[in-house]
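Each number in the working numbering corresponds to the 1-based position in the sequence shown with 144 added. Where a beta carbon is used, it is the ideal one built from N, C-alpha and C, also for glycine. All figures in this text were calculated on a predicted structure; none of them were measured in a lab.
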Amino acid sequence: MMLSPAEEEVEVDVRLEDQTKICEFGVLNARVSELRDEIKAIKKTMETYEDAEAEVSLADDAGDGAPAFMLMLGESFVEVGEEEITERIEKLQEKGTAKIAELSEQIDVAEARMEALKKDLYGRFGKSINLEA
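In structure tokens, the structure reads:
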């Protein structure tokens, strides 16, 4: 079977500029993968915050005004009340949400650059190069 001229692989010399773009694409691809893994880890941590928040809402204070929760700070435990523990959980959730947004933005920037590199490299090399992640 004969390939059409558009489908034929063409021998093209790889210039330093091309090699630089290929390497940049590889670095960006690895970075996007790392960022996605980091987002997964943060989401898993966020689930534990949600679980903790649910546990706090289910638990009752001792009733005598004494704090009902033990909060780990470093290697020590400190007794805290429901209001303080809820505030801490909410702050942690806010930080996690902000971090996910920041990482997602970094992924968008990297993917946009990867698309530009793909366009340039596929334009030069055609089917001779595979940049699918």
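Could you work out which residue in the options is closest to residue i when comparing CA atoms only?
i, options, result
"residue 255", "159, 174, 199", "174"
"residue 263", "169, 237, 201", "169"
"residue 235", "272, 196, 178", "196"
"residue 178", "251, 203, 192", "251"
"residue 194", "249, 172, 265, 241", "241"
Return the first residue and the last residue of the beta strand (DSSP E) that residue i is part of.
i, result
"residue 217", "213 to 217"
For residue i versus residue j, is the C-beta distance shorter than 8 Å?
i, j, result
"residue 275", "residue 182", "no"
"residue 223", "residue 214", "yes"
"residue 226", "residue 200", "yes"
State the start and end residues of the unbroken alpha helix (DSSP H) segment that holds residue i.
i, result
"residue 222", "It is not in any alpha helix (DSSP H) - residue 222 instead sits in the beta strand (DSSP E) that spans 220 to 224."
"residue 183", "160 to 202"
Check whether the stretch 212 to 222 touches the stretch 160 to 167, counting contact only when three or more Cβ pairs, one atom from each stretch, lie closer than 8 Å. Touching, no, given that fewer than three Cβ pairs across the two stretches are closer than 8 Å.
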